[in-house]
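Residue numbering for the sequence shown follows my numbering, beginning at 816 and increasing consecutively.
For glycine and all other residues, C-beta sits at the position ideal for the given N, C-alpha and C.
Single-structure report; data block below.
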Amino acid sequence: GIQVIGVPKTIDGDIQVKDDAGHVLCAVSFGFHTAARAFANSIAGLCNEASLVQQADQISAEHLGIPVSGLIFRDPDRAPGPEERDRWQAALSRTENAQPAICLASMLWLAFFDRLGVHPRVVGGHSLGELTACFAAGCMDAAALLEFAVRRGQAMSARDEIQGSMVSLRCDAATAEALLPAVDGYI
């Protein structure tokens, strides 16, 4: 199977996994970024994986009221003017839209590499990228990743008095689950 690793934010895709003797263990590693802007020009002509785009559009339209493909497949050169291009970028940059867009872009890259016969032995990610790494490793399907990304983006964009934060736990699943009832706020 594929090894999934969490990576420090500073790595952002530059992963080398070595054994104790310093030999590189993996021929290919994929790192998934957490907050990069998803630009239409970088993926529009890359991969036409209609089923992934349709799934993403259905899930985002259900929860956000807009299909995510309408946010990422816009050609900035065809905008009627700079104000419209700025509006497009602002809509894409809002976390509730950016998170499913980033995941869709990552899934399209994966599909592209799959068609080339390029498969990772190790995947890693930071924050949102960890979810895409789990998808790449087969731990969740496309619908689960997209649903999670949409709901995560909505939760992170919620405007209330409770400030969000990130936590890292070094324990087994049972211990982590036992801690959850003591958390005040969303998880």
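| Asked | Found |
| --- | --- |
| Taking 7 Å as the threshold (C-beta atoms), are residue 881 and residue 961 in contact? | no |
| Between which two residues does the beta strand (DSSP E) containing residue 938 stretch? | 937 to 940 |
| Are the beta-carbon atoms of residue 912 and residue 886 separated by less than 7 Å? | yes |
| For a test of the three-state rule: what should DSSP assign to residue 934, helix, strand or coil? | coil |
| Express the C-alpha separation of residue 964 and residue 899 in angstroms, rounding to a whole number. | 26 Å |
| Regarding residue 918 and the ligand MG, is the C-beta to nearest heavy atom distance less than 6 Å? | With respect to small molecules bound, the structure shown includes none, and the ligand MG cannot be examined in it. |
| Nearest CA to the CA of residue 909: which residue from 940, 955, 971 and 838? | 971 |
| Please classify residue 881: does DSSP put it in a helix, a strand, or coil? | coil |
| Do residue 904 and residue 968 have their C-beta atoms within less than 7 Å of each other? | no |
| Kindly list the residues whose CB is nearer than 6 Å to the CB of residue 894, restricted to its own chain and excluding five residues on each side of it in sequence; keep chain order. | 900 |
| Less than 7 Å between C-beta atoms, sequence neighbours within five positions excluded: which residues of the same chain meet that for residue 984? | 991 |
| Alpha helix (DSSP H) containing residue 954: first to last residue? | Careful: residue 954 lies outside any alpha helix (DSSP H) and carries neither H nor E. |
| Mind checking which residues open and close the alpha helix (DSSP H) that includes residue 897? | 897 to 908 |
| So residue 836 is in the alpha helix (DSSP H); what residue range does that whole segment cover? | First-last for residue 836: undefined, no H or E at that position. |
| Which of the three DSSP states is assigned to residue 894 in this structure? | coil |
| Going by the CB atoms, is the gap between residue 959 and residue 864 shorter than 7 Å? | no |
| Classify residue 837: buried if its beta carbon has 16 or more other beta carbons within 10 angstroms, exposed otherwise. | exposed |
| Which residues mark the beginning and the end of the alpha helix (DSSP H) in which residue 988 is found? | 988 to 994 |
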